[in-house]
């Protein structure tokens, strides 16, 4: 099934009220949630657009029917590349974060890890998960992934915390399911998702057994509270503003207050040995997703900067051209890392094709390291006007209207109205509360650079490099080239 | 005279209404201007505080009386160092830009340039300016400097612009004065300044003669319109917020619409040969001022980051310590550049002691290049919470109040209330509209890095370096060490 | 045919003496050329090693026989990825530059451009070139590409130069061929190549017609002088040194002093409109080659740094681990750019599959920008010992031998001899004349970062980004997603 | 007394042979030491040059006579600034490291620490040291500082090392003195110094008591072996080369093999509590010295790059100008840090005026972080010719002489000979073994960036920044401005 956005809205607005904004409980039709819902709308529209069939859709390996690609389990490198492309496509339309990748990454992590747990322990998680996924596909659901715990004292492990709610945990195991409690934080998209999929956030020890828990619940399940922070631009104050101002995002503290999860929806329950694995599967898949969305953010910043240069009539200056070219590097190196992660990915026991962790991590780290610099480039090119320009109303009314139209004209080829829209766009993209969100998410989403560094320290084949150096230094007699021999791209998936 | 802030307010509120916000004409008591006025208040308070006598005050060289240092003409390197110190002191209290330096830098540029014009041409600008300055000192006035023209088409000179108002210019010369028109833009502080001091923004050719104009007018003079954009944090929405939220800033388009300037207040009138000189005198003085305020901004970012690390209980992690130390480098290298600019400054013909342009420029360029990186550091240390934290009201009321108090606790040594204030501060400092203003002003205020690069390309003694290389390469027989011989620090001003 | 290295040597040593070193004419058996020849030996050995069949070899599209891949014309993306892999493999064995890629890149540029010239003008260059290539394949030749002209006054075009030899040019056109003269400079590998392939270095105007010339000649052809600068490590002074010291490189001024080129070997003769195209085809292919060799250089630097950390017993320090992970980023982002260049490459009219220019350029620019930083990392990790360690002989003889064995021991798990070899390797890799060569070639080979920036300014689809911004800003009604629609990976070449 | 360089040579050549190079014992007149001696000659020449009286000389506080400033104990900020100036002056003449600062920094560290030890413990080290210094001043001695121990296993403290010689230590305490053993490494200048001054390299614990030792011995004292690594350019191979090739440096392993030190020359003997203090006093003083020499290195690199740009006739290109301006920033920010360290320095109990540690460390860290980048700039500007240019002899003789003269001409205003010298200089400065030495010393000399980061983490007033943040966040009621109040420049020393 491919829901229309209207069907998505209907389902959403029929849910129980468990959203809190500014100390009050509000419905999912609260206008402050609308900018985020509009982003999700893009994902529903694309899937029904014949032009993007096969990019925005895929054939479900569990139902055999056409599904929205966001719910797909990639089967080969081409699937991963199509996911990357879909993310960039959607993110361009949304003016940034397309939000729905987190559900994709969560179901893939679960598909893989449930199989591995079953193979190791003879459990039946993978069967449960596959049953769940069938429904997910049939109903074209949107899942939000709740991973990051509030963590409490960072110097202590989950089981050592004074307040056990610092990490999501099992409070009670019943025959028919489990009861869970705890805080997840910085969870994007939760207030307008159908489902919340919870995963552990870190490696766990045996004493942390109760914190090894994964499951899916409807987003309005009893006991769940979504304490929400919407970030969006004031569209109503700015009727002439373009699509960029129509889109936005909400983040939540997802507070599980003794939530019951039926057995069939529990996908990990005490397997602390797999805590790190499941956490990383989501993280690495999500880092691969950034190789799709981050290039779109660079595209937008590049476009904003190029328009600003045009408005200032300085497009030909060599230092401007040099700066514009840096966006190309930022966007395409990240995109290339995603491509390499796809063609050097691996087929897991579950059948899911998983991106190569090294390329996923070097790509994500690069984007996390350069995002502030890209905003800096925009600022250097656009000048100070983004924060000193009069308000919209000044251009629309009052005694200075005519003077301001003269004021705003720098490039004789552009009308005052177009010039004005360019500068308002530069402000919205580069100097708004939304810009702060993008900068900070650009550093931390999916793991900040230090997290990728840690992943690389663990996963990169440093021993191969040392062997190479020992050979060249004359310490070892011969060179072991196995790293080169074993590295082969996989091109499956294209007719 | 040292005005109290109350006297300053009285003077301000008695002015003619010529402020425009959002298409409407408002008085100077409009609450949106209050955060900026509060910043100026600090400068009046400091001057009357006995503890800061000699730092916040100086002895006027024209009246012989004690004046606010912001109105002072530095006579020696110590005066420049005291200015730098006062700026850092005030900027720390204001949570950033102290705003009043622009008047200081403008009167110094005029003091020097009027003398040089008179010496060259036999004019009487310096006498006029000195008379003006006497009143300025006697009344403890605050001057705003209007330098940056709106510029129109950047590829054309002032006299080539289709709309002559793209640059401020002389419309008519009368016996008793001149009539001027044009747009100045991105002018900070104008709506709560006593005086507007206008200066040219660039080098001029003979055909640009009418654009070579400098003068001072009251900020509410007939024909002057201040189209204002206030930037400030929503104090009223956040009653528990600290001083940081009380302060703010406004920028203006200063629109001169056939303003008459009496002869005695005209300080340049057609001397196009001095356009570049006067523009650079202000710019270089202002760049030196940044060696005072930018360290204060780094102090604040460093403090915010250190508090965030404390709240997360990760202060001892080596990568956190490394990042914190970067703020020390950013702050103190900029401060050191200001010190060097002072001790290698020069006594001008006017008697004003002027900072060394090389050190002023290398210092300002460094701060312009690193500001985004410093915000990046704060983000890396603080994590994503600055943009995902629930609103203030969620912590104050409603059914999640108690849960959020548990949620916010990470370091057992800090109360929930303190933790909450820390994270709100991190948001206000790092992810607010004020933060966008600071980033963009941090790049462009006083000239962006490319402007300092141009200044260095012109002013730095590259010929000395080439001579050195020619000697070492064996091309020249001997080495001319004159650059070393002539470089002597000046320590005047300390008993 | 796949020559043995011995056959290669025999052919080489039978050539006419036209090598000049230090003012003297020497044979190709001069020991100073041996380190470079040893690098080429690797390429012959690999092609005959069954383990690397299909990587180091390919099936010639012109003869249908198995050839050395260095002489191959890639037919699909997989061929490009195999080339990249072969380069990394060979470069690891050679301790750096494998040198033979330049011939590969030159024949590909000619294969494409001769076809395009013929299609445009009805010439017969492509037939000539294909005939030449058959022999090249049959004899397993190694071609050196002479592209960079000495250029004379950079402010003048080729035809404006006072000395026409500043650019290689046609002196005379005869019925049976052409006579050419001029200087090519910084030409790697020429003194031990079989053939010299000459190409233009820049865009040309109609008046530069005589400078539009491309051809191939034997490296010892009459009139050709190779004024050679060998760079290598003093193996003989260091008998215990490992393979790294056995390899080296030579660069030349290739001086064409009225060289006659028979008609059948002339591949461009006056087609100035194709000057830029042919120059860029070589450059972009060569930039793609860097995505193979530069990762190998990072591998070596990473291995050297990791061994140094082990020798100092500081491998676990967090700042060391962070630095080591930076090599992973440098190597794999460059490699990923090459992979993306391959899968987004294009089939040209000649049948050659050509790497995508955007990915080739963003990848090469990245490596050119980070090479010095990578040596900096090695220095930070290894400490100062690379330039302060006693000479090899001190460890071998004399009264301090025993003391130095104690001195060198820092990690109890390593023998003095191994420690000593590690530090000598660090010196050879990081502080030798070879290191200077690698740093400088790492910036300039195939075009310095500014050249890639220029290529990106021309080739990157900035208009797409501006359209995107205009849509999001509300200036354009709808979004043109054609850039996304048209971007499709090509996975041809794998069964 | 101010020795002539001839007197210095006579003294040097009369010393006992205890220099080892390449496994052999050589005299101090070995030609491989000559380039280093030539550097020291500059320091003797300058002191006797009337033009530099007061810069290169000072009045000894212990003898009251004029001495070489390198032996001076700074009494006020002006003395520190003069030291900085003298270092830049000398380093420019030497083409880089002037080497003699290490003696200056060692005697200052000892002057301060001996007084502090005596004040704490009632010892008489300061009197002994002052007696020693009198002779040092009377004889115009040059002292080399041996600080860095070989350190053995970095994970172990000095007293835990398997081989006690890993750190210099007291073997025996006798009535008339002490016997010491151990390795010091990477010790610059030792083979042509009069005296070796040994200091501890790190903080010590009580169990490390025997490693708390400081003293001075003649450089040829019985039992001392200087295992030497000379780095210099091959002047004899390059008779036309300029002064740059005449200068060089030697580093040593200083091997104390049961060396007896008479009591009067022992300045620390077991005071482990002062180990860190003495180590840091030297380090911080030496870091201040870098604010003199590093600007000279930037001057040289800047000059080389500017000459290369001139030779290529590309001086006006905007990207070249931008790069040249970066040298100005690198040089003058470091110089400014030194100036600030001087004016914010402190008078110690010994009377010595000591540079402010914060400014000394931020300055030194900056130079350590940017040195590779500066060489990168030179490479970008100069192109690849530095490593591909034919040898000197090719330009001097043989059949290609005339052709090469044409080849080398790019700027018609420069002769072939001058062009040739420029490129050879670029090679010598940027691509020689000397260049490797400068890069590595540029990172590590006086402590690598990580060492300055650690010093800043300990010394910087982070608590002040946290207080500021707490005030602005509304956590603390009022602001403690004491850091601003207490920070006062000291301008003593100028009439």
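Chains as they are written, first to last, in this note's numbering: chain D, 4 to 498; chain A, 4 to 498; chain P, 4 to 498; chain R, 4 to 498. Every residue gets a Cβ at the ideal spot worked out from N, C-alpha and C, and that includes glycine. Fair warning: this is a prediction, and the values are worked out from it, not measured in the lab.
* Asked: Looking at chain R, which residues of the stretch 116–129 of chain P have a Cβ within less than 7 Å of any of its Cβ atoms?
  -> none
* Neighbourhood of residue 463(R) by C-beta, 8 Å cutoff - its chain only, sequence neighbours within 5 removed -> Here residue 463(R) refers to the residue found at position 460 of the fourth chain. Excluding residues within five positions, the ones whose Cβ falls inside 8 Å are 361.
* To do: Within 10 angstroms of the Cβ of residue 63(A), are there 16 or more other Cβ atoms? Answer buried if so, exposed if not.
  => Mapped onto the second chain, residue 63(A) falls at position 60. Buried, since its Cβ has 16 or more Cβ neighbours within 10 Å.
* Asked: If we ignore side chains and look at the alpha-carbon of each, how far apart do residue 498(P) and residue 250(P) end up?
  -> Residue numbering aside, residue 498(P) sits at position 495 when the third chain is read from its first letter. Residue numbering aside, residue 250(P) sits at position 247 when the third chain is read from its first letter. Since pLDDT at residue 498(P) reaches only 46, below the 50 mark, its modelled position is unreliable, and the value read off the structure follows with that caveat. Rounded to the nearest angstrom, the two C-alpha atoms are 37 Å apart.
* To do: Using the DSSP secondary-structure output, state which residues sit across from residue 27(A) in a beta bridge.
  => As a first step, residue 27(A) must be located in the second chain, where it is residue number 24. Per DSSP, 24(A).
* **Helix, strand or coil at residue 180(P) according to DSSP, with G and I counted as helix** => Position 177 of the third chain, counted from the first residue, corresponds to residue 180(P). Correct three-state label for residue 180(P): strand.
* Asked: At a CB-CB cut-off below 7 Å, which residues of chain P make contact with residue 244(D)?
  -> For the purposes of this step, residue 244(D) is identified with residue 241 of the first chain, where counting begins at 1. Chain P residues near residue 244(D): 477.
* In whole angstroms, what is the alpha-carbon distance linking residue 373(A) and residue 36(R)? -> On the second chain, position 370 is the one that residue 373(A) refers to. On the fourth chain, position 33 is the one that residue 36(R) refers to. Using only the alpha carbons, I get a separation of about 44 Å.
* Within chain P, partners of residue 396(D) - CB distance below 9 Å -> To locate residue 396(D), count along the first chain from 1; it is residue 393. Here the premise fails: no neighbours, minimum Cβ distance about 17 Å.
* Per the contact definition of three or more C-beta pairs closer than 8 Å, is the stretch 391–399 of chain A in contact with the stretch 281–298 of chain A? -> no
* Asked: What is the residue span of the alpha helix (DSSP H) that residue 14(D) lies within?
  -> The sequence position of residue 14(D) within the first chain is 11, counting from 1. Per DSSP, residue 14(D) belongs to the alpha helix (DSSP H) from 8–16.
* Classification of residue 16(R) by the beta-carbon crowding that lies within 10 angstroms, buried from 16 upward -> The sequence position of residue 16(R) within the fourth chain is 13, counting from 1. Residue 16(R) comes out exposed.
* **Residue interval of the beta strand (DSSP E) (run including residue 228(R))** => Sequence index remark: in the fourth chain, residue 228(R) carries index 225 (1-based). Its beta strand (DSSP E) spans residues 227–234.
* With which residues is residue 254(R) paired in a DSSP beta bridge? -> Residue numbering aside, residue 254(R) sits at position 251 when the fourth chain is read from its first letter. Its beta-bridge partners are 191(R), 232(R).
* Quick one: grab the DSSP three-state call for residue 152(D). => To locate residue 152(D), count along the first chain from 1; it is residue 149. Strand at residue 152(D).
* **Separation of residue 304(A) from residue 418(A), as counted between CA atoms** => To locate residue 418(A), count along the second chain from 1; it is residue 415. To locate residue 304(A), count along the second chain from 1; it is residue 301. Near 22 Å, if we compare the C-alpha coordinates of residue 304(A) and residue 418(A).
* To do: Could you list which residues in chain A have their beta carbon closer than 7 Å to that of residue 499(D), in chain order?
  => Residue 499(D) cannot be examined here, being either before or after the span of chain D that is shown, 4 to 498.
* **Which of helix, strand or coil DSSP assigns to residue 549(D)** => A question about residue 549(D) goes unanswered here, because the residues of chain D that appear run from 4 up to 498.
* To do: Identify every run of the beta strand (DSSP E) within the stretch 110–152 of chain P, keeping only runs that are complete inside it and at least 3 residues long; order them along the chain.
  => 146–149
* Taking the continuous alpha helix (DSSP H) assigned at residue 80(P), which residues delimit it? -> Translated into the one-based positions of the third chain, residue 80(P) becomes position 77. Here the alpha helix (DSSP H) through residue 80(P) covers 80–97.
* Who are the Cβ neighbours of residue 120(A) in its own chain at under 6 Å, not counting the five residues just before and after it? -> Position 117 of the second chain, counted from the first residue, corresponds to residue 120(A). Hits under 6 Å: 126, 128, 274, 277.
* The beta strand (DSSP E) with residue 499(P) in it runs from where to where? -> Lying outside 4 to 498, the shown extent of chain P, residue 499(P) is not represented and no answer is given.
* Could you please tell me which residues of the stretch 309–331 of chain A, in chain order, have their CB closer than 8 Å to any CB of chain P? => 321, 322, 325
* Asked: At which residues does the beta strand (DSSP E) containing residue 220(A) begin and terminate?
  -> Locating residue 220(A) in the second chain gives position 217, counting from the first residue. Note, residue 220(A): beta strand (DSSP E), 216–221.
* Quick one, are the C-beta atoms of residue 108(R) and residue 289(R) less than 8 Å apart? -> Locating residue 108(R) in the fourth chain gives position 105, where the first residue counts as 1. Locating residue 289(R) in the fourth chain gives position 286, where the first residue counts as 1. Yes, the pair counts as a contact, with Cβ atoms nearer than the cut-off.
* Asked: Quick one: what's residue 185(A) bridged to in DSSP?
  -> Your numbering for residue 185(A) matches position 182 in the second chain. BP columns for residue 185(A) point to 259(A).
* To do: List the DSSP bridge partners of residue 265(D).
  => The count along the first chain starts at 1 and reaches residue 265(D) at position 262. Its beta-bridge partners are 180(D).
* Asked: Run through DSSP, which three-state label would residue 69(A) get?
  -> Position 66 of the second chain, counting from 1, holds the residue named residue 69(A). Residue state, collapsed to three classes: strand.
* To do: Below 7 Å CB to CB, which residues in the same chain sit around residue 346(D) once its five sequence neighbours on both sides are set aside?
  => Stepping through the first chain from its first residue, residue 346(D) is reached at position 343. The answer, listed in chain order, is 80, 492, 493, 494.
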